[in-house]
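I have placed the structure first, in the form of structure tokens, so that the comments after it can refer back to it.
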Amino acid sequence: SSFIESNDCLPSRTSPNKLDRSLATWLYRQKQRLSQSRHADMRLRQLRVISPLVARWIDQPNRNHAWEVRRGQLSTFIEISNRLPSLGSPSAFERSLAWWLIDQKRMMSQRHPTPLRLQELCRISPLVASRVETHPTNAAWEVRCGQLSSFVQSRGSWPNLYSTNVRERSLAKWLSNTKHQLSQGRLSSMRLQQLRNIGPLVANRIQMHYADSAWQIK
1495 SSFIESNDCL PSRTSPNKLD RSLATWLYRQ KQRLSQSRHA DMRLRQLRVI SPLVARWIDQ
1555 PNRNHAWEVR RGQLSTFIEI SNRLPSLGSP SAFERSLAWW LIDQKRMMSQ RHPTPLRLQE
1615 LCRISPLVAS RVETHPTNAA WEVRCGQLSS FVQSRGSWPN LYSTNVRERS LAKWLSNTKH
1675 QLSQGRLSSM RLQQLRNIGP LVANRIQMHY ADSAWQIK
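Per our numbering, the very first residue in the sequence shown carries number 1495; after that it's consecutive.
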């Protein structure tokens, strides 16, 4: 429960962090036991109430292990290199990761990935979210709103386009694009309300836009 509250994602068995891997292994074993009907109803309810993420993970069919491994490899690569893998890299492994990400984007445009898989891709890094948002989806939007909410709550400020932090800059760029959609009247009322619900800081920025046609982003 503490891990999910802090990271807004499920632990991964391919994580470089030992605690993350042990939590993921434990959760995976619980699901295995559940599929074999060894779990009591009370234990099942206890797992579900931890988080909607856990409840959805329990309810979905077992996912392809190869996809899980690739996602973990991409996450580790970005954490170490602070960039997306390149097709022009001399490393065959990096090129294979780049091709895999291209394949995920192509399947996304054809609506093949499940919403949960899309969310997991976007949670790897804002770099990945920005890449897959070429094809706008509700899942990507939800992830970005969650990232903005976490940022505002932890920092008490607005993401800065000139920050030295790549994640903050990526989030600020997304907000700039959202501002443009708002200015052109292309932002749905539902999404506008989602932004307002994040908190007073965001709601006040939106109100500024309507007041003087200037939703300022630093």
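Backbone N, C-alpha and C fix where the C-beta goes; we use that ideal spot for every residue, glycine too.
| query | result |
| --- | --- |
| Cβ-Cβ separation, Leu1595 to Leu1621 (assumed contact under 8 angstroms), whole Å | With a Cβ gap of about 10 angstroms, Leu1621 and Leu1595 do not count as contacting. |
| Contact check, Ala1634 vs Val1626, beta carbons under 8 angstroms | yes |
| Collapsed DSSP secondary structure at Arg1542 in the structure displayed | helix |
| Residue environment, Leu1513, which counts as buried when at least 16 other CB atoms sit within 10 Å | exposed |
| Three-state secondary structure (DSSP) of Pro1584 | coil |
| Boundaries (first-last residue) of the alpha helix (DSSP H) holding Thr1672 | Val1660 to Ser1677 |
| Residue closest to Arg1661, alpha-carbon to alpha-carbon, out of Glu1573, Leu1521 and Ser1545 | Glu1573 |
| Limits of the unbroken alpha helix (DSSP H) element including Ser1683 | Ser1683 to Ile1692 |
| DSSP-derived helix/strand/coil call for Asp1597 | helix |
| Alpha-carbon spacing of Met1601 relative to Arg1589, whole angstroms | 18 angstroms |
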